[in-house]
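Structure record follows, encoded as structure tokens.
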Amino acid sequence: GVMYYIKRKKFSEILEDWEHEYGPHRFKFKDLYFATKGFKEKGLLGVGGFGRVYKGVIPSSKLEVAVKRVSHESKQGMREFVSEIVSIGRLRHRNLVPLLGYCRRKDELLLVYEYMPNGSLDNYLHKQPKVTLNWSQRFRIIKGVASGLFYLHEEWEQVVIHRDIKASNVMLDSEFNARLGDFGLSRLYDHGADPDTTHVAGTVGCLW
């Protein structure tokens, strides 16, 4: 009985009313813990200013994911950040890194993204890659970035200004299609609104 209680406490989560009504999908901490094998260093994909990113495999679906582990002491700040995820999580475009869901537990926030097997564009531009991008791939990447930005600026229900477009934030999927990521500095505002009145989305953390 004691061991069972300790295990339940280790994986315990609190679900608030607003999280029932709005997306994106909420993962169980236990599932993400096992998916990343306990957030072991072996699965570490990268470290950023807002957290550490781990590769994982969801046990039930065998889906490969990238899990960003963000911590913040302020419960109010955590709630505000999650509310921003509710908006960004609704973005759907072939040239954006899909946010599959999240998990909130105590002062931790885990963001779950589709895994991008070919990493980021900067690995092919500034390092010594095993594979060199040909001109067809480069054109497709440029076109993909432009398409993703057009969606953010013109096609979605609100205007999303990314504000941090750089090679390390352009991810590449299995077919070397460009996927924009890291919306931590982005701004949201309504079409036709004054950009000077916008607010930063993700001031407490970043979306990849």
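According to full-length UniProt numbering, the residues represented by the sequence shown are 1 to 208, in order. All residues carry an ideal CB built from backbone N, CA and C; glycine is no exception. No experiment lies behind these values; they were computed from the predicted model shown.
According to DSSP, residues forming a beta bridge with Tyr189
Taking the first residue of the sequence shown as position 1, residue 189 is located at position 189. Assignment of beta-bridge partners to Tyr189 by DSSP yields Val159.
What did DSSP end up calling Arg92 once you bin it into helix, strand or coil?
For this step, residue 92 is matched to residue 92 along the sequence shown. Coil at Arg92, not helix or strand.
For Arg179 and Arg94, I'd like the C-alpha separation in whole angstroms.
Locating residue 179 in the sequence shown gives position 179, where the first residue counts as 1. Locating residue 94 in the sequence shown gives position 94, where the first residue counts as 1. Using only the alpha carbons, I get a separation of about 7 Å.
Considering only residues of the same chain and omitting the five flanking positions on each side of Lys37, which have a CB-CB separation below 7 Å?
Here residue 37 corresponds to residue number 37 of the sequence shown, with the count starting at 1. Excluding five sequence positions before and after Lys37, the CB atoms of its chain that fall closer than 7 Å to its own CB belong to Gly43, given in chain order.
Flag this pair as yes or no: are the beta carbons of Val70 and Gly51 separated by less than 7 Å?
Translated into positions along the sequence shown, residue 70 becomes position 70. Translated into positions along the sequence shown, residue 51 becomes position 51. Yes, these two residues count as a Cβ contact at 7 Å.
Would the segment 147 to 165 count as touching the segment 103 to 110 if we require 3 or more Cβ pairs under 8 Å?
By the Cβ criterion, the segment 147 to 165 is not in contact with the segment 103 to 110, since fewer than three pairs of Cβ atoms, one from each stretch, lie closer than 8 Å.
Given Gly181, which residues of its chain have a CB within under 6 Å of its CB, disregarding the five upstream and five downstream residues?
Locating residue 181 in the sequence shown gives position 181, counting from the first residue. Beyond the five residues adjoining it in sequence on each side, Gly181 comes within less than 6 Å, by CB distance, of Val97, Asn169, Met171, Trp208 in the same chain, given in chain order.
Measure the C-alpha to C-alpha separation of Lys62 and Glu175 and round it to an integer number of angstroms.
For the purposes of this step, residue 62 is taken as residue 62 along the sequence shown, with counting starting at 1. For the purposes of this step, residue 175 is taken as residue 175 along the sequence shown, with counting starting at 1. Using only the alpha carbons, I get a separation of about 20 Å.
Suppose contacts are defined by Cβ-Cβ distances below 7 Å. Is Ile88 in contact with Phe183 by that definition?
Along the sequence shown, one-based indexing puts residue 88 at 88. Along the sequence shown, one-based indexing puts residue 183 at 183. Contact annotation: Ile88 and Phe183 have beta-carbon atoms nearer than 7 Å.
Could you tell me the distance, in whole angstroms, from the CA atom of His126 to the CA atom of Ala167?
Here residue 126 is taken as the residue at index 126 of the sequence shown, counted from 1. Here residue 167 is taken as the residue at index 167 of the sequence shown, counted from 1. Their Cα atoms are separated by approximately 9 Å.
What is the DSSP secondary structure of His126, reduced to helix, strand or coil?
Position 126 of the sequence shown, counted from the first residue, corresponds to residue 126. Coil.
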